[in-house]
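All remarks here apply to the structure that follows.
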Amino acid sequence: MPVPLYQAKAEFFRMLGHPVRIRVLELLQAGPTPVRELLAELDVEPSSLSQQLAVLRRSGLVTSTREGSTVVYALAGADVAELLRTARRILTELLADQGMLLAELRAAR
């Protein structure tokens with residue numbers, strides 16, 4: 001029996017629900033990046049980064065290529081970058097709304 005679309009979407013968003021994975025995707029928006037550069041930007045152990053990159057690779061959001069002894073990761077497509085931009089826009093709007101509500105609450109004192 002096929003998985004319902006809403007369940008597949010929930011699994012997808014659950015997969016994105018890790019801060020290291022989100023940060024890796026953000027860093028890869030600048031272009032293909034060697035693992036050593038990702039490690040330099042992230043405050044995680046190499047084994048943890050490797051685990052998170054494997055999840056992203058299995059999900060199809062990133063690709064990896066080997067250049068000699070260096071592994072380079074890249075976003076699998078422009079849709080991934082667009083998803084991150086959309087999430088940023090939504091968050092910005094939500095936080096702006098919360099900021100206005102906070103200002104109203106403070107003014108009502």
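Using UniProt numbering, read the sequence shown as starting at 1 and increasing by one per residue.
A virtual CB, placed ideally from N, CA and C, is assigned to each residue, including glycine.
Look at the beta carbons and you see the segment 57-77 not touching the segment 86-106: under three pairs across the two are nearer than 8 Å.
Taking 8 Å as the cut-off, the beta carbon of alanine 76 is found closer than this to the beta carbon of glycine 60. The continuous alpha helix (DSSP H) containing alanine 54 extends over residues 46-59. Going by C-alpha positions, arginine 57 is about 28 Å away from threonine 92.
In the structure shown, arginine 66 adopts extended strand secondary structure according to DSSP, grouped into three states.
By the CB criterion at 8 Å, glutamine 52 and arginine 14 fall outside the cutoff.
The shortest C-alpha to C-alpha distance from threonine 33 to any of Glu26, Pro19, Leu42 and Tyr73 is the one to Tyr73.
With 16 or more other Cβ atoms from the protein chains shown falling within 10 Å of its own Cβ, valine 62 counts as buried.
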